[in-house]
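So the structure is just underneath, and the comments pick up after that.
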Amino acid sequence: MALIVQKFGGSSVANAERVRNVAGRVVKTYREGNDVVVVLSAQGDTTDELIEKAKEISEKPSKREMDMLLSTGEQISIALMAMAIEKLGCQAVSFTGQQVGIKTNTIHGNARIEDIDGSRIRAELNRKRIVIVAGFQGIDEEGNITTLGRGGSDTTAVALAAILNADLCEIYTDVDGVYTADPRIVPDARKLEDISFGEMLELASLGARVLHNRSVELAKKYNVRMVVRSSLNNHKGTLVKEVNEVEKMMIKGVAYDKDIARISILAVRDIPGVAYRIFKFLADAGINVDIILQSIGRGDTKDISFTVAKSQLTETIDLINRNLDDIGAADVSFSQDVAKVSVVGAGMVNHPGVAATMFEALAEADINIHMISTSEIKISCLVRTDEAEKAVQAVHKKFRLGESEQAEEQAG
Ligand code: ADP
Ligand code: ASP
Ligand code: MG
Numbered sequence: 009m010a011l012i013v014q015k016f017g018g019s020s021v022a023n024a025e026r027v028r029n030v031a032g033r034v035v036k037t038y039r040e041g042n043d044v045v046v047v048l049s050a051q052g053d054t055t056d057e058l059i060e061k062a063k064e065i066s067e068k069p070s071k072r073e074m075d076m077l078l079s080t081g082e083q084i085s086i087a088l089m090a091m092a093i094e095k096l097g098c099q100a101v102s103f104t105g106q107q108v109g110i111k112t113n114t115i116h117g118n119a120r121i122e123d124i125d126g127s128r129i130r131a132e133l134n135r136k137r138i139v140i141v142a143g144f145q146g147i148d149e150e151g152n153i154t155t156l157g158r159g160g161s162d163t164t165a166v167a168l169a170a171i172l173n174a175d176l177c178e179i180y181t182d183v184d185g186v187y188t189a190d191p192r193i194v195p196d197a198r199k200l201e202d203i204s205f206g207e208m209l210e211l212a213s214l215g216a217r218v219l220h221n222r223s224v225e226l227a228k229k230y231n232v233r234m235v236v237r238s239s240l241n242n243h244k245g246t247l248v249k250e251v252n253e254v255e256k257m258m259i260k261g262v263a264y265d266k267d268i269a270r271i272s273i274l275a276v277r278d279i280p281g282v283a284y285r286i287f288k289f290l291a292d293a294g295i296n297v298d299i300i301l302q303s304i305g306r307g308d309t310k311d312i313s314f315t316v317a318k319s320q321l322t323e324t325i326d327l328i329n330r331n332l333d334d335i336g337a338a339d340v341s342f343s344q345d346v347a348k349v350s351v352v353g354a355g356m357v358n359h360p361g362v363a364a365t366m367f368e369a370l371a372e373a374d375i376n377i378h379m380i381s382t383s384e385i386k387i388s389c390l391v392r393t394d395e396a397e398k399a400v401q402a403v404h405k406k407f408r409l410g411e412s413e414q415a416e417e418q419a420g
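328 is the number that this note's numbering gives to position 320 of the sequence shown; each next residue is one higher, with no gaps.
Here it is in structure tokens:
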């Protein structure tokens with residue numbers, strides 16, 4: 009007998025028929041003799057619709073109340089799922105994050121799980137019930153409801169798998185697994201049999217929303233066996249696992265992220281400590297900074313540009329404007345017309361040709377690069393938003409990622 013955590017995303021539970029379909033899958037796993045913990049997202053576009061509702065009331069609602077609102081979507085799914093499973097003759101019980109003691113820090117809208125009290129779930133499993141938990145939510149130390157960031161149900165599932173020492177964590181979604189690029193953008197993208205935690209973490213962090221990046225972080229940390237597969241068929245899916253094959257150069261995939269904005273702080277004094285002051289202000293405000301570019305000084309000033317998530321743009325601009333004198337800068341500007349396109353693959357550090365190949369692909373597609381950042385496992389380029397899809401297609405094609413792995417190695 010095994011303990012299996014099964015997570016189903018929004019599209020997998022979008023309507024009554026899908027809920028019944030998922031219930032059937034869960035019951036099948038249970039009847040095969042397994043303990044099953046189910047983690048659910050809100051149905052279909054519910055979370056987006058809730059965000060729209062908030063906008064109708066206020067342009068800048070408090071983050072606490074946003075979390076109160078958004079957490080309701082998952083509560084609907086879990087109750088409906090418990091009913092559907094009971095209808096199939098099995099006992100099920102649904103719980104909110106709070107009810108199963110998912111404790112997080114206090115960062116509303118992007119909270120991190122700090123601790124989970126698994127005792128209630130274990131007790132219910134011992135009573136031979138199927139346990140259904142609302143994804144994406146927890147509570148902070150003062151009992152406020154928090155949410156884990158968009159796509160955060162994956163993280164709930166992996167965290168539960170870790171704490172319960174589950175044998176397997178299955179992430180069910182609306183595609184067959186992890187592909188070399190978003191299959192909706194690149195029709196000939198290839199499904200990967202497996203992918204390393206490191207590569208998956210990069211892909212997820214760089215915009216491949218098939219997995220929440222923190223879920224991959226947690227799976228790596230606690231060595232959770234994790235599979236991504238479709239809730240609509242029985243295809244095998246993609247195994248995310250630990251591998252040490254860095255010798256071999258292998259581009260695993262292309263990802264893009266439109267949810268970013270570029271900020272430039274202009275005419276900053278060219279003296280020691282300036283970057284520290286800027287990024288300390290941002291860090292203290294919980295603002296995550298991504299690509300950073302500093303120009304070479306002109307006279308006694310320089311410009312510093314960086315990217316942040318779109319959702320943090322206004323907050324970042326306000327913060328910098330309030331502190332322009334302290335920072336020692338003349339002005340701040342921004343652009344939302346940017347997207348980040350990245351290639352990911354282990355072993356890149358020893359293969360200098362990868363960057364050139366990516367730039368060549370973009371040049372051939374007549375796409376201008378605004379900022380570049382590299383690491384040993386990825387190369388990212390900032391391009392115009394409306395060119396993101398074209399860039400992904402061009403780069404995917406240039407690296408021949410749609411072909412067999414052998415061809416892919418030669419291309420690299
Ligand atoms: P869920 O609601 O099940 O959590 P998501 O919409 O969050 O589903 O994630 C699945 C989607 O991720 C797919 O429909 C696909 O369009 C997108 N996606 C982006 N990059 C990839 C990739 N490399 N492989 C697979 N899917 C990807
Ligand atoms: N419902 C949340 C969202 O749409 C969490 C999730 O789906 O994982 O972001
Ligand atoms: Mg998701």
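Think of the CB as a built atom: it goes at the ideal place given N, C-alpha and C, for glycine as much as any other residue. Everything numeric in this text was worked out from a predicted model, so none of it was measured.
Between Lys386 and Ser343, which are expected to be in contact by the criterion C-beta below 8 Å, what is the C-beta distance as a whole number of angstroms?
About 22 Å separates the two Cβ atoms, so there is no contact after all.
Just verifying my parser: in three-state terms, what is the DSSP assignment at Glu122?
strand
Under the assumption that Ser79 contacts Ile153 (Cβ atoms under 8 Å), give the Cβ distance between them as a whole number of angstroms.
5 Å
Let me make sure I understand the geometry here. Which of Ile203, Ala275 and Cys177 has the alpha-carbon closest to that of Ile12?
Of the candidates Ile203, Ala275 and Cys177, the one whose C-alpha sits nearest the C-alpha of Ile12 is Cys177.
Specify whether the stretch 24 to 33 and the stretch 184 to 202 touch according to this definition: at least 3 beta carbon pairs, one from each stretch, less than 8 Å apart.
no
My assumption, with CB atoms under 8 Å, is that Val45 sits in contact with Ile129. Please give the rounded CB distance.
6 Å
Short of 7 Å in beta carbon distance, which residues of its chain neighbour Ala10, apart from the five on each side in sequence? Order them along the chain.
For Ala10, the CB contacts under 7 Å within the same chain, skipping 5 residues up- and downstream, are Asn42, Asp175 and Leu176 in chain order.
For ligand 2, is there any heavy atom lying closer than 6 Å to the beta carbon of Phe16?
It does not: the Cβ of Phe16 is nowhere closer than 6 Å to a heavy atom of ligand 2.
Would the C-beta of Thr181 count as close to ligand 1, meaning under 6 Å from any of its heavy atoms?
yes
What does a CB cutoff of less than 6 Å around Ser383 pick up in its chain, not counting 5 residues either side in sequence?
none
Expressed to the nearest angstrom, what Euclidean distance is found between the alpha-carbon atoms of Ala142 and Val166?
13 Å
I need the boundaries of the alpha helix (DSSP H) containing Ser85, first residue and last residue.
Where Ser85 is concerned, the enclosing alpha helix (DSSP H) starts and stops at Lys71 to Lys95.
According to DSSP, simplified to helix, strand and coil, what is Ile138?
strand
Using three-state DSSP, classify Glu417 as helix, strand or coil.
For Glu417, the predicted model reports a pLDDT of 47, less than 50, meaning its position is unreliable; a value from the coordinates is still stated below. Three-state result, Glu417: helix.
Gly159: beta carbon under 6 Å from a heavy atom of ligand 3?
Ligand 3 approaches Gly159 closely enough that one of its heavy atoms is under 6 Å from the residue's Cβ.
Could you give the distance in angstroms between the alpha-carbon of Ala62 and the alpha-carbon of Met74?
7 Å
Once the 5 residues before and after Val403 are set aside, which same chain residues still bring their CB inside 8 Å of it?
Val262, Val349, Val351, Met366, Ala369 and Leu370
Tell me the residue span of the alpha helix (DSSP H) that contains Tyr284.
Val282 to Asp292
Give every residue of the same chain whose Cβ lies closer than 8 Å to the Cβ of Gly294, excluding the five residues on either side of it in the sequence, and list them in chain order.
Ile115 and Asn118
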